[in-house]
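If you read the sequence shown in the working numbering, its first letter stands for residue -19, the second for the next number, and so on.
Report on one structure; see the data block that follows.
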Amino acid sequence: MMKRFNYGPSILFFAVLLLLWEAAVRLWSIDPWMLPAPSRIFTTLVHEWTRIPENLFATAWIAICGLLLGLAIGLMAAVFLHWSSLLRKLIYPLLILSQNIPLIALAPLLILWLGFGMEPKVMVVALVCFFPITVSTLDGFQQTDRTLIRYMEMAGASRLQRFFKLEWPSALPSFFSGFKLAATYSVMGAVIAEWLGAKDGLGVMMQLASSSFRTDRVFVAILLVAGLSLLLFATISLIEVWTLRWQTRKGGDGRET
């Protein structure tokens, strides 16, 4: 069964950190453009609230579309690499090497190939998200109990039957670990994509605030990015809990998750 995490100590630590931050800014009279106090950031959040939903929705839409595309690519890649040892030997090292290429370096190519619309932004997010999904899911496939695989082979189960009845249920915990990680990456990828050129979004909001030395607005954007990431993470965590409970009741691979 999944263990429940106690968030109390983390919340308490964060509250103490905010108090120390507020005290330091007031004690040493730090200029707001350099480091605004948490109270000033909260005030800015309230005053700017009417402008926030449009930017928040724009970033969330890019993040979700890119995450879903990355999910599709990541799952297909994991399945093909799992089924073919030749593909795994040829492509897996290239996937690892691809993670060393900065996305900013690919931006001009994506714009050249896909234009200036939403497509290159979604592709940036997908490129950020697919790798953790692929690696985690493939690792889950590889950890399937070999004894159970041999039993199913002796029982005459086909390749697809073994996959859907045993290998996929066994890989679900690993898959969700990668999916949750990709969800947090998706918002970061969306912000980076908006830096490449967009009319609205949290990334644009951050750029405009930084260019006008409104550091409080930058922190508001960062706060919203963190909140959106946590929301996506929590949503997928709920889906994970429901899925694994359903899998356990169904019988899955015969083991408790």
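Ideal Cβ positions, reconstructed from N, Cα and C, are used throughout, including at glycine.
Computed from a predicted model, the values in this text were never measured in an experiment.
- Message: Less than 7 Å between the beta carbons of residue 51 and residue 200, yes or no?
- Response: No. Outside cutoff.
- Task: Would you mind reading off the limits of the alpha helix (DSSP H) that contains residue 111?
- Result: From DSSP, the alpha helix (DSSP H) with residue 111 extends over 99 to 122.
- Task: Under 6 Å Cβ to Cβ from residue 38, same chain only, skipping five residues before and after it: list those, please.
- Result: Shown here for residue 38: same chain residues with a beta carbon closer than 6 Å to its own, the five before and five after excluded, namely 180 and 181 in chain order.
- Item | Rounded separation between residue 86 and residue 124 - CA only | Spanning the two alpha carbons is a distance of roughly 36 Å.
- Task: Please say whether residue 105 and residue 157 have beta carbons closer to each other than 7 Å?
- Result: Taking 7 Å as the Cβ cut-off, residue 157 and residue 105 do not qualify as a contacting pair.
- Between the Cα of residue 84 and those of 103, 119 and 18, spot the shortest distance and give me the residue it belongs to. Of the candidates 103, 119 and 18, the one whose C-alpha sits nearest the C-alpha of residue 84 is 103.
- Query: In terms of residues, what are the limits of the alpha helix (DSSP H) holding residue 243?
  - Reply: Any property of residue 243 remains undetermined from this structure, which presents the chain solely from -19 to 237.
- Item | Residue of 134, 222, 185 and 193 minimising C-alpha distance to residue 34 | Comparing Cα positions, the closest option is 185.
- Item | Own chain partners of residue 190 with C-beta closer than 7 Å, once the 5 adjacent residues on each side are dropped | Answer for residue 190: 198, listed in chain order.
- Query: Just the Cα atoms here: how many angstroms apart are residue 100 and residue 177?
  - Reply: Going by the C-alpha atoms only, they are around 10 Å apart.
- Message: Give me the residue from 223, 224, 175 and 163 with the minimum Cα distance to residue 48.
- Response: Minimum Cα distance to residue 48 is reached at 163.
- Message: Taking 8 Å as the cut-off, does the segment 199 to 218 touch the segment 68 to 82 (at least 3 CB pairs, one atom from each stretch)?
- Response: Contact between the segment 68 to 82 and the segment 199 to 218 is absent, because fewer than three Cβ pairs lie under 8 Å.
- Query: Apart from the five residues just before and just after residue 122, which ones in its own chain have a Cβ nearer than 8 Å to its Cβ?
  - Reply: Result list for residue 122: 62, in chain order.
- Message: List, from N- to C-terminal side, the alpha helix (DSSP H) runs of 4 residues or more that fit wholly inside the segment -4 to 73.
- Response: Listed in chain order, the alpha helix (DSSP H) runs fully inside the segment -4 to 73 are 18 to 27 and 32 to 63, counting runs of at least 4 residues.
- Query: Considering residue 126, what are the terminal residues of the alpha helix (DSSP H) in which it resides?
  - Reply: Counting along the chain, the alpha helix (DSSP H) containing residue 126 begins and ends at 126 to 134.
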